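A short worksheet on the structure shown next.
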Amino acid sequence: MKAPAGLSEDTQRNTMLLPSVVREEKEWLDHVSDHLTREINKESALSWAAFHASKCQNSMLPPINSMLPLFQDEAFSFAMLRHCLVVVQAAIHHVNPGQTPVICVDQPLFAKLKQIQCGLSSPMQQVPVKN
0 MKAPAGLSED
10 TQRNTMLLPS
20 VVREEKEWLD
30 HVSDHLTREI
40 NKESALSWAA
50 FHASKCQNSM
60 LPPINSMLPL
70 FQDEAFSFAM
80 LRHCLVVVQA
90 AIHHVNPGQT
100 PVICVDQPLF
110 AKLKQIQCGL
120 SSPMQQVPVK
130 N
């Protein structure tokens, strides 16, 4: 398909891409139409974003994340903050050995955590605390 004359270079390039975009959208509509009569499961990828994401080739490995549960005790106590440093460091080294653990807290906990961190042994001083 040839783009009309008199259009800017970007517009001509976009006009040339139009048939492939329409074809991709038709593929998605056909995919959704095929799944309307079947039972839907996690792999169905019916949404527009999921369908197009499933077609992408991704060579990157997914990141390793972990979310720790909240502690039941008061977070402001010396023992709880020290325990938090120990648990976070152990969890990070278990999930991703060699990664530097980072703890983010609000201002009051930041001040107390920095005091605790300065009084601890060398490995705990390496845990960055962010405000």
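FYI, numbering that gives the first Met the number 0 numbers position 11 of the sequence shown as 10, with every residue one higher than the one before it. Just so it is clear, CB atoms sit at the ideal spot from N, CA and C, and this is done for glycine as well. Treat the numbers as computed from the prediction; the structure is a model and nothing was measured.
Euclidean distance between Cα positions of residue i and residue j
| i | j | result |
| --- | --- | --- |
| Leu28 | Ser46 | 10 Å |
| Glu73 | His93 | 25 Å |
| Cys55 | Arg12 | 22 Å |
| Leu60 | Ser53 | 15 Å |
| Leu17 | Ile63 | 38 Å |
| Lys111 | Ile102 | 13 Å |
| Phe77 | Asp105 | 15 Å |
| Gln71 | Asn40 | 37 Å |
| Val31 | Phe109 | 50 Å |
| Phe50 | Ser7 | 32 Å |
| Val20 | Glu38 | 28 Å |
| Ser58 | Asp33 | 29 Å |
| Thr10 | Arg22 | 19 Å |
Assigned exposure category for residue i - 16 Cβ within 10 Å defines buried
| i | result |
| --- | --- |
| Pro96 | exposed |
| Cys117 | exposed |
| Pro100 | buried |
| Ala44 | buried |
| Leu80 | buried |
| Ile91 | buried |
Element boundaries [alpha helix (DSSP H), containing residue i]
| i | result |
| --- | --- |
| Val86 | 77–94 |
| Ala110 | 106–118 |
| Phe50 | 47–54 |
Candidates the options, of which the one nearest residue i by Cα
| i | options | result |
| --- | --- | --- |
| Gln131 | Val104, Asp105, Ala89, Gln114 | Residue 131 lies beyond the residue range present for the chain, which begins at 0 and ends at 130; the question has no answer from this structure. |
| Val85 | Gln106, Ile115, Glu8 | Ile115 |
| Ala48 | Glu24, Arg37, Thr36 | Glu24 |
Residue i beta carbon near the ligand GDP (any heavy atom closer than 8 Å)
| i | result |
| --- | --- |
| Thr99 | Looking for the ligand GDP in the displayed structure turns up nothing, as the structure carries no ligands at all. |
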